[in-house]
Amino acid sequence: LTQAGRVLNTHPSGLDTSALISWLSVRQGLYEATRVFTLYPLENYCMLFYIGFFMAGELICFSTLDTKFARWFNEEDSQMLLHVYGIALVVVGIVLNPIAGFLFNYFGFRPVFAFSALLAFCVP
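Every letter in the sequence shown is one number past the one before it in our numbering, and letter 62, counting from 1, is 76.
Below is the structure:
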């Protein structure tokens with residue numbers, strides 16, 4: 015790695031990715047994740063299933079938008095709508111994520127989770 019570092023004009027330790035991701039760090043991360051998961055198992059299982067099913071539905075919906083827009087509109091309009099939709103999702107995420115954090119802190123996890131699950135299931 016020393017020779018590669020000289021050739022690439024980089025410090026040799028920056029080329030050693032095993033120092034960043036080692037078996038011990040992965041094992042420790044999984045251990046911490048399982049410990050946190052067992053603190054509140056009901057909430058974590060509900061969130062796991064909610065996010066899993068919601069993301070599956072969201073990805074199915076988003077992956078078909080290109081073909082739907084291509085059938086409904088001409089090529090230029092469908093590409094413009096896809097760009098607008100992508101930008102709108104980013105803006106909505108930037109605005110709603112802090113609001114969701116405040117709601118979780120103020121009302122607690124269970125009421126906000128139940129309300130957001132109800133909203134997600136009401137949207138076709």
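Glycine included, every Cβ here is placed at the ideal spot set by N, Cα and C.
Is the separation between the beta-carbon of residue i and that of residue j shorter than 7 Å?
i, j, result
"Y64", "A128", "no"
"A134", "F68", "yes"
Since residue i and residue j are thought to touch, with beta carbons under 8 Å apart, how far apart are those beta carbons, to the nearest angstrom?
i, j, result
"E46", "F123", "Not a contact, Cβ separation roughly 20 Å."
"L96", "L79", "6 Å"
Quick check: the Cα distance between residue i and residue j, rounded to an integer number of angstroms?
i, j, result
"V126", "D91", "38 Å"
"Y99", "R49", "38 Å"
"V40", "F83", "42 Å"
"V105", "F76", "16 Å"
"W37", "N88", "51 Å"
"L103", "P112", "15 Å"
"A11", "P26", "Outside the shown range of the chain (15 to 138) lies residue 11, about which nothing can therefore be said."
"N119", "N23", "48 Å"
"Q93", "L73", "18 Å"
"F51", "T81", "39 Å"
"F116", "P55", "22 Å"
Contiguous beta strand (DSSP E) assignments of at least 3 residues, all confined to the stretch 67-93
Within the stretch 67-93, not a single complete beta strand (DSSP E) segment reaches 3 residues in length.
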